[in-house]
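Positions in the sequence shown are counted from 1; adding 244 to them yields our numbering.
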Amino acid sequence: HNYKEEGHMHDLDKWQDYTNELIAAMDLYGVAQAAVTIGLGAVTYETFVASITPHLDRFIRSSGMPTNATKGKQLTPDIVAEVYRTHLERDGCKIIGETSGSAMMSLQNRYSVKELKPIADVVMKHDVPVQIHTGWTATGSAINSAANLVSARNWPDYMGALLNAYPDIKFI
């Protein structure tokens, strides 16, 4: 088989590198490649990438946050655009992953959708899809670890604003 798959898992602040076990399971079940993204938690993008580097041909990588440069910082459209640019151009990422893509949603708490243009420009230049996480409850996240992220009550407004302002971006 030459299956490709995308799994959805979170580390929940308990990072454990199980890359070799994942590769063994992929081999066992005939999965040629898997799309991977950093999950919500304490691990940085750089730690995650280091864990999969020996097997880069087996993974379709996506941009992720936090990074060493962004951890603990308040994000701005320019910072996010630079992270995307680095991950796409230097690291060969093919997707803006959910932890990065959700920045386009959560930044709308402080910026207008038009002020997100630096981010949109990078995404459109590279013609990559942006993965948006939609699993937030009306009171924040289901696990209460990201209460500052977009809640279900404003998700349609924020997503609608993005779709209207940037119709050429592929949101998934």
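C-beta: ideal position from N, C-alpha, C; glycine also.
Item to complete: Have a look at ALA386 and ILE416 and give me their C-alpha separation to the nearest angstrom.
Response: With a pLDDT of only 46 at ALA386, under 50, the local geometry of the prediction cannot be trusted, and no value is derived from it.
Query raised in the report: For SER295, which three-state DSSP category applies?
Result: DSSP places SER295 in helix when its eight states are reduced to three.
inquiry  = Buried or exposed, going by whether 16 or more other CB atoms sit within 10 Å of the CB of ASN388?
reply    = Any reading at ASN388 is ruled out, since the residue's pLDDT is 45, under 50, leaving its predicted position unreliable.
**Item:** Limits of the unbroken alpha helix (DSSP H) element including ARG329
**Value:** 321 to 329 is the extent of the alpha helix (DSSP H) around ARG329.
Problem set entry | Nearest residue (CA-CA) to ALA278, options ASP301, TYR262 and TYR289 | For ALA278, the nearest C-alpha among the options comes from ASP301.
Original post:
Would you say LEU360 and ALA409 are within 9 Å of each other, going by their C-beta atoms?
Top reply: Yes, they are a contact pair.
ask   = Start and end of the beta strand (DSSP E) containing ILE363?
value = ILE363: not part of any beta strand (DSSP E); member of the alpha helix (DSSP H) spanning 361 to 370, first to last residue.
Per DSSP, the bridge partner or partners of VAL374
According to DSSP, VAL374 bridges with ILE340 and PHE415.
Problem set entry | CB of MET318 within 9 Å of CB of GLU342, strictly | Looking at the sequence provided, one finds Gln at residue 318 rather than Met. No. Outside cutoff.
Checklist entry - Tell me which same chain residues have a C-beta within less than 7 Å of the C-beta of HIS299, skipping the five on either side of it? => result For HIS299, where only same-chain residues beyond five positions count, the Cβ hits under 7 Å are THR263 and ILE267.
* Asked: For ILE267, which three-state DSSP category applies?
  -> Under the three-state reduction of DSSP output, ILE267 falls in the helix class.
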